[in-house]
Amino acid sequence: MDVARSHSKIVFVIFILIYRMLLDILYVQTIAPFWGYYGFINDPSHLCKILSWIILAAFIVIVFPYLKSDEEFSSDIALIIFFLKIVPFTSFIACKQQPIDFILCEVLYLFLIYLFLKTIHVPKLSNKFKSTTLTNLIVAVLIVTVFFISAYYANFRLSFNFIDVYEIRFEARDYDMPTILKYLRGASSNILPVALAYALSRKKYAFSILLVFVIFLSFSTNGMKSTLFKMIICIFLFLLYKVDFKKYLGIAFLSLAVLSLLEWIALGTNVLSTVIVRRVLMIPQVLDSFYYDFTLNNGPLYYGGYHGEDVSFAIGAQYWSNGEIRANNGFFSDFYINIGFIGCIIYPLLYVIFFKYCEAAFGKSNRQIVMFVAIIVIYTLMGSSFTTSLLTHGLFLLLVTMYVTPWENNKEQ
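Taking the UniProt record's numbering, I'd label the letters of the sequence shown as residues 1 to 413.
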């Protein structure tokens with residue numbers, strides 16, 4: 001028996017259990033009392049609590065093999081889904097009881113993602129289209145796009161207000177721009193942070209500074225905090241370039257929960273809990289429950305919208321009493337609102353095929369860049385529908401960029 005590996009598994013389980021318990025505490029103490037009108041209600045049941053721990057235990061066993069997997073991108077995807085989606089989901093259903101049908105449907109969908117990750121092989125792609133010139137051209141077009149949008153629509157505005165950004169978002173929503181420009185703007189929010197990671201790994205610091213400025217300019221134009229979040233994660237991973245970050249992913253999420261609780265205990269404030277724990281980890285869970293309930297009452301929409309409007313506005317109006325807020329959500333919400341239960345099988349397959357092509361596009365690359373792209377992909381898919389993520393948010397163009405980039409020239413020594 002491999003004693004070292006057995007020890008690492010025990011440590012991993014301990015970290016997960018503490019992480020989960022801290023999420024429960026944060027939900028009850030720092031989220032529910034302040035965000036009840038957003039659907040964060042403390043309403044537990046014994047059955048849902050028991051189910052939550054059974055589900056967590058099952059997925060801990062499922063995720064174990066990915067701690068040592070040779071398939072870098074797939075293993076990163078598996079672990080990020082576990083920390084970003086599965087653990088928060090079990091915490092949510094423990095703190096706010098949910099219909100058993102909803103819980104089982106979500107569990108089946110998540111299980112199939114892991115099953116397909118394990119059984120679908122990485123396709124082989126030709127290397128004949130790999131070209132630094134093509135990569136530079138894509139990045140240059142996106143940089144010019146950000147400068148043009150900032151100049152034409154926002155007068156080169158620089159915004160240092162990182163909390164109240166909704167005025168900028170509402171303004172950006174009304175920009176009358178061509179469709180191609182909208183697609184390029186969305187793609188820039190995902191591709192430019194990856195370009196920053198690539199530039200940092202190649203020690204192109206002057207170009208990296210330019211990219212940081214462009215990304216900040218993009219945030220000042222669209223008001224999307226995720227734009228800055230991706231840049232910060234990129235720089236953080238670069239600073240830890242000698243670390244196999246996959247081994248420390250559990251520590252990172254646990255540290256976030258610990259710091260959020262310490263802030264609440266020591267300062268009586270809940271900034272970390274609100275901005276990160278609630279926004280990144282818990283809102284996708286509460287939105288899943290909204291979309292499930294909405295679908296039960298209105299039936300699958302089959303991609304047709306709801307009474308002529310985007311369903312995200314209808315969800316915002318019905319559950320948050322604000323029809324101007326987009327209650328965007330991906331993963332479970334995306335398939336269930338559109339095609340109902342059958343999406344439990346179809347969408348995990350589509351997601352995993354996309355993941356496998358991403359892995360094929362990388363070949364052998366810098367570990368930090370692989371992890372960073374995995375974070376971007378999952379974060380984007382969790383917040384938007386699959387087609388919107390591919391087109392409007394640029395994941396398809398990101399895949400193309402990854403494919404044409406000669407990563408082998410950037411492999412760590």
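All residues carry an ideal CB built from backbone N, CA and C; glycine is no exception.
Ordered along the chain, which non-local residues of its own chain (more than five positions away) have a Cβ less than 7 Å from that of residue i?
i: residue 457; result: Because residue 457 is not part of the residues shown, which for the chain are 1 to 413, the question remains open.
i: I18; result: L254
i: A172; result: T221, N222, G223
i: L395; result: N190, V377, T380, S389
i: D288; result: E106, N329, F332, S333
i: I78; result: Correcting the residue type first, residue 78 is Ala in the shown sequence and not Ile. So the list reads V63, Y66, Y114, L117, once near-sequence residues are dropped.
i: I80; result: A374, I375, I378
i: R20; result: L56, V87, T90, S91
i: F372; result: V194, A197, I233, C234, L237
i: T133; result: none
i: I60; result: V13, I16
i: K9; result: F64
Could you work out which residue in the options is closest to residue i when comparing CA atoms only?
i: A58; options: V107, T295, V141, N155; result: V107
i: T30; options: M402, Y347, V271, I369; result: V271
i: residue 453; options: F15, P178, V28, I14; result: Examination of residue 453 is not possible in this model, given that the chain is present from 1 through 413 alone.
i: I180; options: L56, T401, P88, L397; result: L397
i: P348; options: L112, G305, G323, S201; result: L112
i: L39; options: L142, V144, V141, I93; result: Note on identity: in this sequence residue 39 is Gly, with Leu being the wrong assignment. Residue I93 is the option with its Cα nearest to G39.
i: residue 426; options: V11, G363, I215; result: As displayed, the chain neither begins before 1 nor continues past 413, which places residue 426 out of reach and without an answer.
i: F213; options: I143, N161, H46; result: I143
i: I369; options: L192, K85, I120, L158; result: L192
i: residue 481; options: G343, W407, S321; result: No answer is possible for residue 481: it lies beyond the span of the chain, which begins at 1 and ends at 413.
i: F290; options: W320, E309, D310; result: W320
i: Y37; options: N366, W407, N322, R367; result: N322
i: C95; options: L104, N42, W407; result: N42
Run through the DSSP bridge pairs and tell me what residue i is partnered with.
i: K96; result: D43
i: E309; result: Y306
Output the distance between the C-alpha atoms of residue i and residue j, rounded to the nearest integer angstrom.
i: K203; j: I138; result: 20 Å
i: V146; j: Y379; result: 22 Å
i: I265; j: V258; result: 10 Å
i: L117; j: F156; result: 44 Å
i: T405; j: V194; result: 11 Å
i: Y205; j: K225; result: 24 Å
i: I233; j: I251; result: 15 Å
i: A32; j: K182; result: 36 Å
i: L23; j: S131; result: 45 Å
i: D76; j: F82; result: 10 Å
i: G340; j: S208; result: 44 Å
i: I353; j: T401; result: 17 Å
i: L399; j: Q97; result: 38 Å
i: L301; j: P44; result: 31 Å
i: E148; j: T274; result: The sequence shown places Phe at residue 148, not Glu. So the alpha carbons of these two residues sit roughly 34 Å apart.
i: K49; j: F294; result: 24 Å
i: G299; j: L281; result: 27 Å
i: A154; j: D174; result: 12 Å
i: L217; j: A151; result: 10 Å
i: F170; j: P284; result: 21 Å
i: R326; j: A314; result: 8 Å
i: Q318; j: Y351; result: 29 Å
i: L391; j: L267; result: 43 Å
i: L211; j: V141; result: 13 Å
i: N161; j: I345; result: 42 Å
i: K247; j: V286; result: 29 Å
i: M382; j: I54; result: 23 Å
i: N136; j: A199; result: 11 Å
i: K85; j: L51; result: 16 Å
i: residue 415; j: R279; result: Only positions 1 to 413 of the chain appear in this structure, which leaves residue 415 out of reach.
i: L47; j: S159; result: 47 Å
i: D310; j: K68; result: 42 Å
i: L296; j: G308; result: 19 Å
Excluding the 5 residues preceding and the 5 following residue i in the sequence, name in chain order all residues of the same chain whose CB lies nearer than 8 Å to its CB.
i: Y166; result: G223
i: H393; result: G186, A187, S189, N190, T380, S384
i: K124; result: A360
i: G304; result: none
i: S74; result: Y66, L117, V122, F355, K356, E359
i: E263; result: T269, N270, V271, L272, S273
i: E324; result: F170, F313, G316
i: L256; result: L272, I276, V277
i: F129; result: Y403, V404
i: W35; result: T274, R278
Which same chain residues end up closer than 6 Å to residue i when comparing Cβ atoms and leaving out the 5 residues on each side of it in sequence?
i: F219; result: T227, L228
Is any beta-carbon of chain C found at less than 8 Å from that of residue i?
i: I60; result: Protein chain content of the structure displayed is limited to a single chain, and chain C is not contained in it.
Threshold first: 4 residues or longer. Then list the alpha helix (DSSP H) segments lying entirely within the stretch 308–345, N to C. The alpha helix (DSSP H) runs of length 4 or more contained entirely in the stretch 308–345 are, from start to end of the chain, 311–320, 332–339.
Report the start-end ranges of each alpha helix (DSSP H) in the stretch 373–413 that is 4 residues or longer and not cut off at the edges. 386–390, 395–404
What are the uninterrupted segments assigned as alpha helix (DSSP H) that are 4 or more residues long and contained completely in the stretch 95–160, given in chain order? 100–119, 132–154
If you scan the stretch 267–303 from start to end, which runs of the beta strand (DSSP E) of 3 or more residues do you find wholly inside it? none
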